[in-house]
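Input: a single structure, listed below in structure tokens.
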Amino acid sequence: MRRTAWVGCAGVLLTVSMAAQQEPLRAVRVVLADGTPMPGVPVHVVPMAPQHGDEEFVDGWYRPSHWHLRRLRAAATAHSDPDGIAAIAPGPDQDVFVGAPFAVIGDERDGAHRVLRVERLARYSVRALDHEGTPLRGFGLTLRAGDQVRAVALTDADGNAVFGVEPTLGMRVQVVPFGWIGPTEDLPMLPDARQQKHGTLRLPPFGTVRVRTCRDGAPVPFHGQVAVHTPQPLGCFARPTPAACGVELWPVAVGTTLRGELWSRPSRHEFTSAGPQRAGDVAVVDIELDPARAPGRAQLTCSVAVPDVDPPRCSLQLTAVSDAGTWFALGRPDRTGRLQVEVEHGNLGGVLRRVDVFVEQRRPDGTWRAYAASLPFDRPITEGTVDLGMLPLQPFAGVLRGRVVTEDGRPVPLAEVRIAAGAPPHRSFLRAQEDGTFEWVGPPLRAANGDLLPLQVEASKGAGTLAAQSGVQRDVAQGSSLTLVLPPVPTAQLTVRLRADAALPWQQLQFVYVDAAGRRHALEFPLVQRCQGETSVLLGPLPAGPYRLCLVVAPGLEVHRTDELQLPADAREPVPLDLPVPPAAVTCRQRCVDAAGLPIVGAVAVVRAPDGSVWRSDGSDTDGWLRLAAGSSRFAIRVEAPGFAPLDLAGLVDGAELRFAAAR
């Protein structure tokens, strides 16, 4: 019997191929690691059809997708009974995986049963609703920590989705629809301010944006890549097929402007779309192709001559520049030195203008040798093969060497070095050695006319509030040697004593500092350290200033902001700072409406603490929702709205309605 297993997204997928079975499988049995039957586990079976790429084909349109979401849509599912038996029998050409919040840790066979040993993951759940409160069915959701996707899930008929994540995740994650293009500030965070791992996602109105290609105003089959740069980066590759209409971006928030580009070798087109204007709208972006260049198939071949270098043991990069775009090829020439660059379904009819070749070889002593050529051409690109002949190479001195040091000449080990050239820039990243030295070997970077571009070289050490050295940037010629001197950033530590309730929710507190330019910088754990019975925290290292320190309660409620701070640089002891803040046990929302039930915009909660300090909330939004720190209910809370009599609140209930009467 042969068995292969693969564990993927959040550890919830197990792909199994079994051969030479003695008898057909009748069911799947789910047990814990110790063999105890596990009821209620969803067991999914899908065909073992290959899944290519990160897109799916929906009614003639390619759409950005995720392999696990596609498998969930195609799955036949059964839940295990009290004996752990799931009445589902996978065939020899089917994959089996368990649903969230479980993960497979072992697989075996027991007679006619397939036995899956599972463990329970941390359970997060979300209910997804549209702007009218209707459940979103079959809707893909992600849990994201920053830009990293931690888990994906698909909603059921009631809009509910369940995620399974590692119990050691130890951070708050945001619920974001897969493929979402629009604002994310109001999307829910889990765990929420009450440490609950269940939330409701109520999306603002959204629609669809479709990008397609046309020739003489008529749509033509599309293949290539669509990349959205703003407001959120997103990409999709459409494979060549006669039925392909283009790329569909969904869901897109109403009123969102998209900027991106369509790339279909060798053509590149930038586009801007105003996006949908009403819920359910479909906005279509038509990109006109050059009618003189019909789709076709072209192939470039050439030979490279490298002195004293064995071609098959070299890495080679070829750049073919035409009036219609640029082609890139990476690889190794064959033993004769010949390289083939094949352009499938490219746009024929253009003219090849220049070919750049770069070959590099690592020598046995660890050093690099590089060779390059940049040759002008004037060849039409036609169907079939275009032989460019022999391309002679010459030694290339495009190696950048340097050293990163402090102002007193000491090396800065492991400094980050970033190299860029051109617009849009070609970028490379590397780290300096322990002695501060670095070496970059790369292809010659050229302007449109073939001239070498100057390099923008930047070095830095650390990031954000951990920065011990600031960055420095210089423009240098390719093939240069340079020394980058990093001036130190004055830093200090700050001890913050919070004069507040001892039951402050530490997991939900965040400290943010706002610099002189108004930029916000979050201080993430473990920079925040508990001490002195959870009544003070140690922050640092922080820049010496000037800046303002903010105390924020998740998800983003600012409860206090200091006056401008100017800490002494490199103080030997932490600088103390007292913050009188109201306690904030949870964050909740209440809806402000008038006597007719219409939302009130701009209502403000005024919270008065026993010591006389006052905190004012932000105003209620266009739907009347007012966000409050529910722990403030132990203080005096008055909600005020222009033109209405104020309301004095004795307590807060998440989602409650505050009905205002007109002022007398």
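The opening residue of the sequence shown carries number 1 in my numbering; numbering runs sequentially from there. Ideal Cβ placement from N, Cα and C applies to all residues, glycine included. Quick caveat, the model's predicted, so the values are computed rather than measured.
Own chain partners of G602 with C-beta closer than 8 Å, once the 5 adjacent residues on each side are dropped: Here the set comprises G619, S620, A641, P642.
DSSP three-state assignment for H426, whether helix, strand or coil: In this structure, H426 counts as strand in the three-state DSSP scheme.
Per DSSP, the bridge partner or partners of G106: G106 pairs with R117.
At least 3 beta-carbon pairs within less than 8 Å: the segment 150-160 vs the segment 62-72: Taking one beta carbon from each stretch, the segment 150-160 and the segment 62-72 have 3 or more pairs nearer than 8 Å; the two touch.
Residue ranges of each beta strand (DSSP E) within the segment 336-419, 3 or longer: If we require 3 residues or more, the beta strand (DSSP E) runs fully inside the segment 336-419 come out as 338-347, 351-362, 368-380, 384-392, 399-406.
Chain-order list of residues whose beta-carbon lies under 8 Å from that of A112 (same chain, five-residue window excluded): Around A112, the same chain offers E23, P24, L25, R26, A27 as residues with beta carbons nearer than 8 Å, after the five sequence neighbours per side are excluded.
Residues of its chain near D59, where Cβ-Cβ distance is below 6 Å and the 5 sequence neighbours each way are ignored: Nothing meets the Cβ criterion.
S44, DSSP secondary structure in three states: Note on identity: in this sequence residue 44 is His, with Ser being the wrong assignment. In the structure shown, H44 sits in a strand (DSSP, three-state: E or B).
E534 classed as buried or exposed, judged by whether at least 16 other C-beta atoms fall within 10 angstroms: Because the pLDDT of E534 is 46, which lies under 50, any placement of that residue in the model is unreliable, and the question is left without a value.
Cβ-Cβ distance between Q277 and V254 below 8 Å: Yes, Cβ-Cβ distance for Q277 and V254 is below 8 Å.
Nonlocal neighbours in the same chain, by C-beta distance under 6 Å from R313, ignoring five residues either side: If we look at R313 and ignore the five residues flanking it on each side, it has no Cβ neighbours.
Same chain only: Cβ atoms within 7 Å of S65, ignoring 5 sequence neighbours per side: Result list for S65: D54, E55, E56, in chain order.
Close-in-space but distant-in-sequence residues of the same chain around G384 (CB under 6 Å, 5 per side omitted): Once the five neighbours on either side are set aside, G384 has no close Cβ partner at all.
Between the CA atoms of T301 and L339 - distance to the nearest angstrom: The C-alpha of L339 lies about 6 Å from the C-alpha of T301.
Beta-carbon spacing of G207, V284 below 8 Å: No Cβ-Cβ contact shorter than 8 Å links G207 with V284.
Three-state secondary structure (DSSP) of W67: Residue state for W67 is assigned as helix, using DSSP reduced to three classes.
G140 burial status per 10 Å Cβ neighbour count (16 or more: buried): Using a 10 angstroms sphere on the CB of G140, the tally of other CB atoms reaches 16 or more, which defines it as buried.
Proximal residues to T483 (C-beta, below 7 Å), its chain only, five neighbours per side dropped: Excluding the 5 residues flanking it on each side, T483 has same chain C-beta neighbours closer than 7 Å at G402, R403, V405, in chain order.
Whole-angstrom C-beta distance between A100 and G164, which should lie under 8 Å: Contact between G164 and A100 is confirmed by a C-beta separation of about 4 Å, below the 8 Å threshold.
For R123, the three-state DSSP class (helix, strand or coil): Under the three-state reduction of DSSP output, R123 falls in the strand class.
Candidates L318, I181, D186, of which the one nearest T257 by Cα: Checking every option, the nearest Cα to that of T257 belongs to I181.
Sequence-distant residues of its chain with Cβ nearer than 7 Å to G35 (five each side left out): There are no such residues.
Straight-line Cα distance separating A227 from E270: Linking E270 to A227 through their CA atoms gives a straight-line distance of about 9 Å.
Spatially closest choice to L414 from A128, R608, Q433, V304, by CA coordinates: Of the listed residues, the one whose Cα sits closest to L414 is Q433.
Boundaries of the beta strand (DSSP E) in which A153 is found, first to last residue: Here the beta strand (DSSP E) through A153 covers 148-154.
Residue interval of the beta strand (DSSP E) (run including K461): Counting along the chain, the beta strand (DSSP E) containing K461 begins and ends at 455-461.
Beta-bridge partners of I88, as assigned by DSSP: Residue pairing from DSSP leaves I88 without any beta-bridge partner.
Pairwise C-alpha distance: T134 and V162: Looking at the two C-alpha atoms, the distance is approximately 18 Å.
Delimiting residues of the beta strand (DSSP E) encompassing R215: Here the beta strand (DSSP E) through R215 covers 206-215.
Cβ shell of Q225 (< 6 Å), same chain only, five flanking positions each side left out: Correct list, in chain order: F237, W263.
Exposure of S481, with buried meaning 16 or more beta-carbon neighbours within 10 Å: Answer is exposed; the Cβ neighbour count stays below 16.
6 Å CB neighbourhood of S125 in its chain, flanking five on each side removed: Taken in chain order, the residues that qualify are V162, H198.
Where the beta strand (DSSP E) through T437 begins and ends: That run of the beta strand (DSSP E) goes 437-441.
Closest by C-alpha distance to D334, when choosing among S315, F328, V351: Selected option, being the one with the closest Cα: S315.
Proximity below 8 Å, CB of L588 to CB of L551: Sequence check: residue 588 is Cys here, not Leu. Contact flag unset, no.
Integer-rounded CB distance, given that P167 should sit under 8 Å from V98: No, V98 and P167 are not in contact; Cβ-Cβ is about 16 Å, not under 8 Å.
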